[in-house]
Each structure stands twice: as C-alpha cells, then as structure tokens.
Amino acid sequence: MHRVRVVDSHTEGEPTRVVLDGAPDLGGGTVAAQARVFRERFDWFRAAVVNEPRGHDALVGALVVPSVERDTVCGVIFFNNVGLLNACGHGTIGLARTLVHTGRIGVGRHRFETPVGVVAVTIDAHGDIELDNVASFRHELDVAVDVELDGRTRVMHGDVAWGGNWFFLVSDHGEPIELARVDRLTSVAWAIRDALERQGVTGKDGGVIDHVELFGPPTRSDCDSKNFVLCPGKAWDRSPCGTGTSAKLACLVADGKLALGAEWRQESVIGSRFVGRMRAEHGAWIPTIRGQAFVTAESTLLIDPGDPFRYGFGS
Ligand code: PYC
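Numbering follows numbering that gives the first Met the number 0, with no gaps: position 30 of the sequence shown is 29.
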C-alpha cells in the first residue's frame with residue numbers, strides 16, 4: 000500500500016491539498032527542474048492525489064519539495080486535474096496556512112521557491128496571509144477574439160497578462176458574474192479559450208494562455224470588482240485567483256487606473272475576497288495579495304496496487 004500524507008485547506012473557498020510525505024523522489028535541483036521530472040515521469044502521482052476517487056476537479060495539489068534558492072523554507076510544485084501549474088496564489092496561501100498548522104513556520108515572513116520564481120508570504124497574528132507574488136505584467140492590450148458561442152460568432156476583447164500563469168482578461172462578455180450561472184460562465188470562458196487557441200493568441204514566448212478571467216461589477220460593497228476564473232482543466236476558481244488578481248493589478252496599473260500601493264479588492268464568484276496592491280521593485284511590478292486560508296483535513300491517502308482505479312480514470 001502506497002501512503003501519502005496530506006493536509007487539505009481552502010483559501011477564500013478554493014481548495015489546496017498539500018503533500019507532505021509519500022511523493023516520488025524528483026532528484027533534487029531547482030524546483031523548475033524537479034517540476035519537469037514530475038511532469039514527465041510521475042503524472043500518475045498527480046492524478047492519484049487530486050483526481051477522483053480521492054479528489055475532485057477543483058482541487059489543487061501542492062507538492063512540497065527541496066529548494067535551492069537562498070533563505071527559502073522549501074520548494075513547491077502546484078498541480079491540478081490536468082497537469083502542472085506554473086504558480087498558484089491561493090495555493091501558496093494554503094501552503095503557508097498548512098505549514099503553520101504543522102508547526103514548520105510561524106508568524107512572520109517566509110520565502111518559497113516555485114518553478115517560476117521565488118515568492119514570499121507574510122503571516123500576521125490574526126490569521127491573514129499576504130503573498131508577494133512573482134513580477135507581473137501586461138503582455139498585450141485589448142486583443143480582439145472571435146468567440147463561437149450560441150451558434151454565432153461574437154467579437155470579445157481582452158488583455159493578455161502574466162501573474163505567474165498566463166491570463167486573458169475579458170470585460171465585454173455581457174454575462175452577469177453570479178454563482179447560479181457558473182455553468183454558463185464556464186461555457187463562455189471555454190469558448191474564449193478555444194478562440195485564443197484557434198487565433199494563435201499566446202503569452203510571451205508562445206506561453207499558452209490557460210486561464211480565462213471574466214470581470215463584472217462587485218456584489219459586495221467592500222469590493223471593486225467581481226471575477227470568474229476558469230482554470231486549465233475547466234474547473235472554476237472559488238477564490239478570486241491569486242495569480243489572476245496579480246494579472247489584473249498589472250493591467251490596472253498599466254492603464255493608470257490603480258496607483259502603486261493603492262488597494263484593489265477583488266471579489267470571487269462565490270463572494271470571497273482578495274485584497275491586492277502593486278509595488279515597483281528593480282524595474283518590475285510585484286503584486287501583494289492578501290487573503291485567509293483554513294485547514295479542513297489531515298489525512299493519509301492510500302494507493303492500493305490492486306485497485307484498477309488507483310490513479311483515477313480517463314487520463
Ligand atoms: O490562486 O493563482 C491562483 C490559482 C490558480 C489556479 C487556481 N488558483
């Protein structure tokens with residue numbers, strides 16, 4: 000029996016499963032190098048940890064690995080129902096909350112190595128966690144895409160931006176951002192993703208835009224905007240998405256709509272919230288995202304060699 004020790008949490012509603020023990024040895028080196036080994040040789044482990052029958056489509060995994068960057072607590076590789084993520088904002092906040100829970104870190108500032116750079120968290124005594132994300136930027140402004148939806152073609156516009164993952168940020172989709180409408184929002188965002196692929200719209204250096212973010216007016220009086228974020232495996236983010244909010248901040252600052260240091264309060268489709276702000280550092284823009292995470296389970300996953308569905312199904 001293969002045993003995998005995990006701690007589950009949610010960050011503003013979006014679940015994270017941190018793998019603490021029982022993962023395959025990825026051979027050390029940088030976290031980016033370990034992520035390549037994970038992708039090429041151990042996809043079965045990814046599927047076993049986050050997919051059915053032990054997980055579900057919205058669950059994001061976080062594999063704790065050794066790191067090489069100076070002063071880092073550890074490395075982390077995020078993954079979801081279809082593959083590896085470059086980075087994950089809600090997942091980093093969930094990782095920090097989990098490591099507080101296990102006693103590995105406490106109140107203060109801590110650095111983690113990810114495949115796309117070093118990120119840091121600051122944990123305060125009240126439970127809020129602030130993430131200093133990787134440098135974020137807008138790559139392209141107001142790109143028109145022909146979206147095939149409801150049997151016709153609609154032109155929509157969006158910005159291409161990086162916040163640790165590649166995002167297409169759309170405001171002229173015409174859809175109310177409501178929890179009761181997530182199936183419709185998923186169809187719209189997926190159709191936009193198809194259009195990006197058909198038209199060859201990518202991030203810098205051909206980076207695949209695998210997250211689509213739809214914006215609308217906030218429902219909460221203490222927020223500036225509400226979003227719906229569709230992730231690469233067609234699951235929607237319950238939180239406002241840490242990397243997605245970072246990409247949004249980059250666009251707002253580039254447009255002159257948000258001053259450096261000013262707060263942006265991003266509501267999610269379920270009504271949770273991240274508070275973000277941007278600062279300039281060494282010629283780059285570094286977003287800070289604040290939110291809360293809560294531990295929901297400590298468990299040991301069992302992978303039985305005799306179980307025909309031990310790695311899930313369909314992949
Ligand atoms: O919070 O960055 C994030 C994220 C990415 C995918 C799901 N959540």
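Idealized CB from N, CA, C, for every residue including glycine.
From a predicted model like this one, the values you see are computed outputs, not experimental measurements.
Asked: Closest by CA to Val159, which one among Pro175, Asp204, His125 and Asp149?; Found: Asp204
Asked: Going along the chain, which unbroken runs of the beta strand (DSSP E) with 3 or more residues stay wholly within the stretch 144-221?; Found: 151-161, 165-169 and 210-215
Asked: Between which two residues does the alpha helix (DSSP H) harbouring Asp303 extend?; Found: Careful: Asp303 lies outside any alpha helix (DSSP H) and carries neither H nor E.
Asked: Under the three-state reduction of DSSP, which class applies to Thr101: helix, strand or coil?; Found: coil
Asked: List the endpoints of the continuous beta strand (DSSP E) containing Asp131.; Found: Ile128 to Asp131
Asked: Given a threshold of 16 other Cβ atoms within 10 Å of its Cβ, counted over all protein chains shown, does Leu259 qualify as buried or as exposed?; Found: exposed
Asked: Taking Ser245 as part of the alpha helix (DSSP H), name the residues at either end of that continuous run.; Found: Gly241 to Ala253
Asked: Once the 5 residues before and after Ala119 are set aside, which same chain residues still bring their CB inside 7 Å of it?; Found: Arg108, His109, Arg110 and Asp131
Asked: When DSSP labels each residue in this structure, what does Ile269 get in the three-state scheme?; Found: coil
Asked: Please classify Asp171 as buried or exposed, where buried requires at least 16 other C-beta atoms within 10 Å of its C-beta.; Found: exposed
Asked: By DSSP, does Ala95 sit in helix, in strand, or in coil?; Found: helix
Asked: Could you tell me the distance, in whole angstroms, from the CA atom of Val6 to the CA atom of Gly21?; Found: 13 Å
Asked: Count the other CB atoms within 10 Å of the CB of Gln265; is the residue buried (16 or more) or exposed (fewer)?; Found: buried
Asked: Just to be sure I understand the criterion: a residue counts if its Cβ is closer than 5 Å to at least one heavy atom of the ligand PYC. Which residues meet that?; Found: Cys87, Gly88, His89, Cys230, Asp236, Cys240, Gly241 and Thr242
Asked: Along the chain, where does the beta strand (DSSP E) that runs through Ala61 open and close?; Found: Val59 to Val64
Asked: Helix, strand or coil for Val228? Go by DSSP, reduced to three states.; Found: strand
Asked: Alpha carbon to alpha carbon, how far is Gly305 from Asp127? Give it in angstroms, no decimals.; Found: 43 Å
Asked: DSSP three-state call for Glu39: helix, strand or coil?; Found: helix
Asked: Is it buried or exposed, Met0, if we count other Cβ atoms within 10 angstroms and call 16 or more buried?; Found: exposed
Asked: Do you know how far the Cα of Phe136 is from the Cα of Ala283?; Found: 8 Å
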